[in-house]
């Protein structure tokens, strides 16, 4: 570039500029399509119920608040906040369970040389490809016989028992990448495995742990099939089931509240996403690649 | 590493022996290993292996939860194969997998190629494109989809502008499945991110060399990019098709809770859910579940077999 004549430089610069404009035009076009439903739901939540389907406008001509204020009444005598509280408890328990059990398991796979490790690791990876539905019915029968249906136990038990192989795998991959010298030095200093895990490996695995925690939170928050199968009392419903209650009453008049609640239900996920998107996306990419 | 050179006294080389070496040490390591992974072992036995055996047994029984399972041999499977609704659910699911997966991956790859160029605002675009993958599974987005694709709503009206008077997609058995397909494609962010990571690994020298040889962009894509990212492509195809086989929530929420109209979105898991949890036919549902396992295993096996022909793993690299 430095040896090029001035005209050549300008030519290249111009070409680069038109290329850049074309690039941004293309990217913005895709962006518009991708974000349309998200912007639409924000706009629709401020439209009067009758306009939500019929109006073509992305944003309301005259914003109204009644959709949100209507939420305060709750549905069928249950306050909206109870759905949110239930979802929050579910999601936080799920996060605690996954982080704790998956990191312990991952530490064993990555840092302890024990007999049968390879076989167990293969089994663990195998469960990644297993359709969940084959376990659905016997698990339901199990929890029903234990009289634990209509509680959160069936929804979070698996999280505390490291059944989410994806996160174990993610953490194993990460822990394997940590320099061996660190835990060997700890061992020479007389640290047992528990201490090495807690004081060295776990803190260093923060990116993998955070990724797992965020994915778990969002998955639990979005979870639909689990609560649908296990929860029967409306007071115990999570947000997903609460939303379905709105839908099932099928009064067109309530379309506004339904859309408003949909938006409110998305807020935690979108907030989480905005705060941690870097971790999430990198975690997604690395876990996919190292396979 | 330099330590080894300075201290040649130690015969065995680099790694110093752990303090409690020998048989006792090994036994202690074994114990530690199993203790650390005891949550997983308990989970595997209780929630994976045990249930798998149980469901295999249920598949050969008639079981309604209230009376003990009764052995019926292959009855569930024979009724299943002759059941028109089961056949319909297979048809719907295959259609969904075959249409949604390639389109989603195509879009994911296209956008990844776009984002692989170094431009300003790249990170923002990447984040925005990824967002639907996270919220797409929620009931909220199901409702949004219902609203966007229903009669006289945005999609319908846009179609009318082009003279395509189809009516809403949601109420129309011929179209409603494609509303689900659209929802799946919209979540192209996850495979896109994996493609992007793959594209970053392609050595730039290859492109430079090809350019010197006079290869155009299309040729470079076909002869360099595609082979170089084929392992990532394989991973995405495998993951996305397995996911597509198991779609449930969107079929339940976007169409209606019976996966209609006219069973048009009766995906496999929706029928499984109806049989198991609405009609309490646990035996039949288990037979369905095992058939799904076999189908997914077959698809996985075929994909793994086919990768010899089109996936290039670099062995000499590094």
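Chains as they are written, first to last, in the numbering used here: chain A, 1 to 291; chain B, 1001 to 1318. Backbone N, C-alpha and C define an ideal beta-carbon position, used for all residues, glycine too. All values derive from a computational prediction rather than experimental measurement.
- Any chain A beta carbon closer than 8 Å to residue 1178 of chain B: Sequence index remark: in the second chain, residue 1178 of chain B carries index 178 (1-based). Taking 8 Å as the threshold, the shortest C-beta distance from residue 1178 of chain B to chain A does not fall below it.
- Query: For residue 161 of chain A versus residue 1040 of chain B, is the C-beta distance shorter than 8 Å?
  - Reply: Walking along the first chain from the start, residue 161 of chain A turns up at place 161. Walking along the second chain from the start, residue 1040 of chain B turns up at place 40. For residue 161 of chain A and residue 1040 of chain B, yes; Cβs fall inside 8 Å.
- Task: Give a yes or no on whether 8 Å exceeds the smallest Cβ distance from residue 324 of chain A to chain B.
- Result: Here chain A comprises residues numbered 1 to 291, so residue 324 of chain A is not present and cannot be evaluated.
- residue 61 of chain A to residue 47 of chain A span [Cα, whole Å]: Position 61 of the first chain, counted from the first residue, corresponds to residue 61 of chain A. Position 47 of the first chain, counted from the first residue, corresponds to residue 47 of chain A. Each residue's Cα considered, the two are about 8 Å apart.
- Task: Could you tell me which chain A residues have their CB closer than 7 Å to the CB of residue 1152 of chain B, listed as they occur along the chain?
- Result: Against the second chain, residue 1152 of chain B aligns to sequence position 152. Neighbours of residue 1152 of chain B across chain A, judged by C-beta separation under 7 Å: 53 and 54.
- Name, please, each residue of chain B whose Cβ falls closer than 7 Å to the Cβ of residue 20 of chain A. Taking the first residue of the first chain as position 1, residue 20 of chain A is located at position 20. What residue 20 of chain A touches in chain B: 1119.
- Message: Is the beta carbon of residue 208 of chain A closer than 8 Å to that of residue 171 of chain A?
- Response: For this step, residue 171 of chain A is matched to residue 171 along the first chain. For this step, residue 208 of chain A is matched to residue 208 along the first chain. Against a cut-off of 8 Å, the Cβ pair of residue 208 of chain A and residue 171 of chain A comes out as a contact.
- Query: Which one or two residues does DSSP pair with residue 78 of chain A in a beta bridge?
  - Reply: Working through the first chain from its first residue, we reach residue 78 of chain A at position 78. Paired residue(s): A:75.
- Taking any Cβ of chain A, which residues in the segment 1262-1282 of chain B have a Cβ under 7 Å from it, in chain order? If the cut-off is 7 Å between Cβ atoms, the segment 1262-1282 of chain B has 1269, 1272, 1276, 1277 and 1282 near chain A.
- Task: Count the other C-beta atoms from every protein chain shown that fall within 10 angstroms of the C-beta of residue 1138 of chain B, then say buried if there are 16 or more, exposed otherwise.
- Result: Residue 1138 of chain B sits at position 138 when you count from the first residue of the second chain. With 16 or more Cβ atoms within 10 Å of its Cβ, residue 1138 of chain B is classed as buried.
- Nearest to residue 134 of chain A by CA position, among B:1042, B:1048 and B:1257, is which residue? Residue numbering aside, residue 134 of chain A sits at position 134 when the first chain is read from its first letter. When only C-alpha atoms are compared, the closest one is B:1048.
- Grouping DSSP H, G and I as helix and E and B as strand, with all else coil, what is residue 1071 of chain B? For this step, residue 1071 of chain B is matched to residue 71 along the second chain. Residue state, collapsed to three classes: strand.
- May I ask you to report which of helix, strand or coil DSSP gives residue 163 of chain A? Counting from 1 along the first chain, the entry for residue 163 of chain A is found at position 163. In the displayed model, residue 163 of chain A falls within coil according to three-state DSSP, outside both helix and strand.
- Item | Spatial distance of residue 252 of chain A from residue 1093 of chain B (CA atoms) | Position 252 of the first chain, counted from the start, is the residue given in the question as residue 252 of chain A. Position 93 of the second chain, counted from the start, is the residue given in the question as residue 1093 of chain B. With a pLDDT of 49 at residue 252 of chain A, under the threshold of 50, the predicted position of this residue should be treated as unreliable, though the coordinate-derived value follows. The alpha-carbon separation between residue 252 of chain A and residue 1093 of chain B amounts to approximately 31 Å.
- Query: Would residue 1225 of chain B count as contacting chain A if we go by Cβ distances under 8 Å?
  - Reply: As a first step, residue 1225 of chain B is located in the second chain; it is residue number 225 there, counting from the start. Interface residue (Cβ-Cβ distance to chain A less than 8 Å): residue 1225 of chain B is not classified as such.
- Query: Per DSSP, what kind of secondary structure is residue 1062 of chain B in: helix, strand or coil?
  - Reply: Your numbering for residue 1062 of chain B matches position 62 in the second chain. Of the three classes helix, strand and coil, the one that applies to residue 1062 of chain B here is strand, per DSSP.
- For residue 1312 of chain B, does the three-state DSSP call read helix, strand or coil? Position 312 of the second chain, counted from the start, is the residue given in the question as residue 1312 of chain B. Here residue 1312 of chain B sits in coil by DSSP.
- Task: Report the three-state DSSP secondary structure of residue 154 of chain A (helix, strand or coil).
- Result: Working through the first chain from its first residue, we reach residue 154 of chain A at position 154. DSSP places residue 154 of chain A within a helical segment (H, G or I) once states are collapsed to three.
- Query: CB residue 137 of chain A to CB residue 1055 of chain B, shorter than 8 Å?
  - Reply: Taking the first chain and counting its residues from 1, one reaches residue 137 of chain A at position 137. Taking the second chain and counting its residues from 1, one reaches residue 1055 of chain B at position 55. Result yes, Cβ atoms of residue 137 of chain A and residue 1055 of chain B sit closer than 8 Å.
- Item | Residue from A:182, A:21, A:26 and A:44 whose Cα sits closest to the Cα of residue 263 of chain A | Residue numbering aside, residue 263 of chain A sits at position 263 when the first chain is read from its first letter. Per the Cα distances, A:44.
- Query: So what's residue 40 of chain A in DSSP terms, helix, strand or just coil?
  - Reply: Residue 40 of chain A sits at position 40 when you count from the first residue of the first chain. In the structure shown, residue 40 of chain A sits in a helix (DSSP, three-state: H, G or I).
- Task: Please classify residue 105 of chain A: is it buried, with 16 or more other beta-carbons within 10 angstroms of its beta-carbon, or exposed?
- Result: Taking the first chain and counting its residues from 1, one reaches residue 105 of chain A at position 105. By the Cβ-count criterion, residue 105 of chain A is buried, with 16 or more other Cβ atoms from all chains shown falling within 10 Å of its own Cβ.
- Answer yes if the segment 1023-1042 of chain B comes into contact with the segment 89-107 of chain A, meaning at least three C-beta pairs across the two stretches below 8 Å, and no otherwise. As far as the Cβ criterion goes, the segment 89-107 of chain A touches the segment 1023-1042 of chain B, which means the pair count is three or higher.
- Assign residue 83 of chain A to buried or exposed, taking buried as 16 or more other Cβ atoms, counted over all protein chains shown, within 10 Å of its Cβ. As a working note, residue 83 of chain A is residue 83 in the first chain. The residue in question, residue 83 of chain A, is buried, as its Cβ has 16 or more Cβ neighbours within 10 Å.
- Message: What would DSSP say about residue 187 of chain A, mapped onto helix, strand or coil?
- Response: Walking along the first chain from the start, residue 187 of chain A turns up at place 187. DSSP places residue 187 of chain A within a helical segment (H, G or I) once states are collapsed to three.
- Query: Which parts of the segment 1243-1300 of chain B are runs of the alpha helix (DSSP H), unbroken and 4 residues or longer, counting only runs that do not cross its ends?
  - Reply: Correct list: 1268-1273.
- Message: Using beta carbons (cut-off 8 Å, strictly below), is residue 1216 of chain B in contact with chain A?
- Response: By one-based count along the second chain, residue 1216 of chain B stands at place 216. The C-beta of residue 1216 of chain B comes no closer than 8 Å to any C-beta of chain A.
- Item | Three-state secondary structure (DSSP) of residue 14 of chain A | On the first chain, position 14 is the one that residue 14 of chain A refers to. It is helical.
- Query: Thinking just about the alpha-carbon of each residue, which of A:214, A:131, A:282 and A:220 is nearest to the one in residue 174 of chain A?
  - Reply: As a first step, residue 174 of chain A is located in the first chain; it is residue number 174 there, counting from the start. Of the listed residues, the one whose Cα sits closest to residue 174 of chain A is A:282.
- Item | Residue closest to residue 1225 of chain B, alpha-carbon to alpha-carbon, out of B:1206, B:1141, B:1115 and B:1162 | Along the second chain, read from residue 1 onward, the residue named residue 1225 of chain B stands at position 225. Selected option, being the one with the closest Cα: B:1206.
- Sort B:1262, B:1233 and B:1154 by Cα distance to residue 57 of chain A and report the nearest one. As a first step, residue 57 of chain A is located in the first chain; it is residue number 57 there, counting from the start. When only C-alpha atoms are compared, the closest one is B:1154.
- Message: Excluding the 5 residues flanking residue 1186 of chain B on each side, which residues of the same chain have their C-beta closer than 8 Å to its C-beta?
- Response: For this step, residue 1186 of chain B is matched to residue 186 along the second chain. A distance below 8 Å between beta-carbons, with the five flanking residues on each side excluded, links residue 1186 of chain B to the following residues of its chain, in chain order: 1132 and 1136.
- Task: Consider the Cβ of residue 1051 of chain B: report whether some Cβ of chain A lies at a distance smaller than 8 Å.
- Result: Within the second chain, residue 1051 of chain B is the residue found at index 51, counting from 1. Any Cβ of chain A closer than 8 Å to the Cβ of residue 1051 of chain B would place that residue at the interface, and such an atom is present.
- Message: Can you tell me whether residue 1119 of chain B is helix, strand or coil according to DSSP?
- Response: In the second chain, residue 1119 of chain B corresponds to position 119, counting from 1. Reduced to three states, the DSSP call for residue 1119 of chain B is coil.
- For residue 1050 of chain B, which option in A:68, A:163, A:66 and A:52 has the closest C-alpha, if you only look at C-alpha atoms? The count along the second chain starts at 1 and reaches residue 1050 of chain B at position 50. Measuring C-alpha to C-alpha distances from residue 1050 of chain B to each of A:68, A:163, A:66 and A:52 identifies A:163 as the nearest.
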